[in-house]
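Novice: Its first residue numbered 34, the sequence shown is counted upward by one per residue in the working numbering. Yeah, the Cβ is synthetic: ideal placement off N, Cα and C, and Gly gets one too. Being a predicted model, the structure only gives us computed values, none of them experimental.
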Amino acid sequence: MTRIGVLALQGDVREHLAALQACDVDAVPVRRVGELNAVDGVVIPGGESTTMSRLLDVFDLYDPLSARLHDGLPAYGSCAGMIMLASRILDTRPDAKHLDALDITVRRNAFGRQTESFETDLDFTGITDRPGAEPLRAVFIRAPWVEEAGEGVEVLARIPSGPEQGRIVAVRGGRAGNVVATSFHPEVTGDHRVHQYFVDIVQGREQQ
Ligand code: GLN
């Protein structure tokens, strides 16, 4: 059975484990190198990226996780997880580390004070473009956006309307094309389609 780990240092780990279990995979928390080495894919949850960065060092996981990502481990990051996977981060602490697995520039806390938290319906390439599919409800909590996506990074979703219309909030890329990141939190809505999208990538049976 496919085993997907959720980095369990901080953040909304339980919700991701539940969403992955609903997609019929073995979902396990990852806090040690041995656990990391036993997974076929990894989810980096929402939380607080500078704290997560510090805890990766405390738990001696930064180097092993970087190495596995560099070797092509499939990964999905939501919110703080998107920040951790990015190559470049704006508005973070100078000492915060990130994993450089996705060629994007991310702006932390980008939506600003007035809309620190909000919800909207999105079109998401590969999910809502299937016949009969409903739009995807997206929950943003002090979310980042993708300021710039590098060549070879596919934009999967953008903010559909309002002052931030067009901002990129979901992408796919990485050295092996199997790294996904969303600014929002699909693990809190009970709609498991984003997790299923990632599981399909891990299992190599995604629809093109
Ligand atoms: N603002 C947080 C950070 O900078 C991310 C928020 C979240 O993951 N919900 O890491």
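Inspect the beta-carbon positions of Ala-190 and Phe-157 and report whether they are closer than 8 angstroms.
Specialist: Closer than 8 angstroms, so yes.
Novice: Taking DSSP as the reference, what is the three-state secondary structure of Ile-116?
Specialist: Helix at Ile-116.
Novice: Does the Cβ of Ile-174 lie closer than 7 angstroms to at least one heavy atom of the ligand GLN?
Specialist: Yes.
Novice: If you follow the beta strand (DSSP E) that Val-186 is in, where does it begin and where does it stop?
Specialist: Where Val-186 is concerned, there is no enclosing beta strand (DSSP E), given that its DSSP letter is neither H nor E.
Novice: Buried or exposed, going by whether 16 or more other CB atoms sit within 10 Å of the CB of Met-117?
Specialist: Buried, since its Cβ has 16 or more Cβ neighbours within 10 Å.
Novice: Need the endpoints of the alpha helix (DSSP H) that Phe-231 sits in, please.
Specialist: Unbroken alpha helix (DSSP H) run through Phe-231: 226 to 235.
Novice: Kindly list the residues whose CB is nearer than 8 angstroms to the CB of Val-101, restricted to its own chain and excluding five residues on each side of it in sequence; keep chain order.
Specialist: At residue 101 the sequence reads Arg, which differs from the Val that was named. These residues qualify, in order along the chain: Leu-69, Asn-70, Val-75.
Novice: Going by CA-CA distance only, name the one from Phe-151, Leu-89, Arg-146, Gln-236 that's closest to Asp-128.
Specialist: Checking every option, the nearest Cα to that of Asp-128 belongs to Leu-89.
Novice: Scan the region 95 to 179 and note each continuous beta strand (DSSP E) run of 3 residues or more that stays entirely inside, going in chain order.
Specialist: Taking only runs of at least 3 residues, the beta strand (DSSP E) segments lying wholly in the region 95 to 179 are 108 to 111, 119 to 123, 135 to 140, 150 to 155, 169 to 174.
Novice: Would you tell me roughly how many angstroms separate the C-alpha atoms of Cys-112 and Val-212, rounded to the nearest one?
Specialist: Those two C-alpha atoms are separated by around 14 angstroms.
Novice: What number of angstroms, rounded off, separates the C-alpha of Val-235 from the C-alpha of Gln-229?
Specialist: Each residue's Cα considered, the two are about 10 angstroms apart.
Novice: How should Met-34 be labelled, buried or exposed, when 16 other C-beta atoms within 10 angstroms of its C-beta is the threshold for buried?
Specialist: Exposed, since its Cβ has fewer than 16 Cβ neighbours within 10 Å.
Novice: Any heavy atom of the ligand GLN inside 7 angstroms of the beta-carbon of Ser-82?
Specialist: Within the cutoff, so yes.
Novice: Along the chain, where does the alpha helix (DSSP H) containing Ile-83 start, and where does it finish?
Specialist: The identity of residue 83 in the sequence shown is Thr, whereas the question assumes Ile. Here the alpha helix (DSSP H) through Thr-83 covers 82 to 91.
Novice: Identify every residue that forms a DSSP beta bridge with Asp-59.
Specialist: Beta-bridge pairing links Asp-59 to Arg-36.
Novice: Determine, using beta carbons only, whether Thr-215 and Val-202 come nearer to each other than 8 angstroms.
Specialist: For Thr-215 and Val-202, yes; Cβs fall inside 8 angstroms.
Novice: With respect to the beta strand (DSSP E) encompassing Ala-214, which residues constitute its N-terminal and C-terminal limits?
Specialist: Unbroken beta strand (DSSP E) run through Ala-214: 212 to 215.
Novice: Excluding five sequence neighbours on each side, which residues of the same chain lie with their C-beta closer than 6 angstroms to the C-beta of Ala-51?
Specialist: Around Ala-51: no qualifying Cβ.
Novice: So, Glu-152 versus Arg-175, is the Cβ gap smaller than 8 angstroms?
Specialist: Contact: no.
Novice: Pull up the distance between the alpha-carbon of Val-103 and that of Trp-178, whole angstroms please.
Specialist: Val is not the amino acid found at residue 103; the sequence shown has His there. C-alpha separation (whole angstroms): 23 angstroms.
Novice: Any idea if Glu-187 is buried or exposed, counting beta-carbon neighbours within 10 angstroms, 16 or more meaning buried?
Specialist: Answer is exposed; the Cβ neighbour count stays below 16.
Novice: Is any heavy atom of the ligand GLN found at a distance shorter than 7 angstroms from the C-beta of Arg-126?
Specialist: No, the Cβ of Arg-126 stays beyond 7 angstroms of every heavy atom of the ligand GLN.
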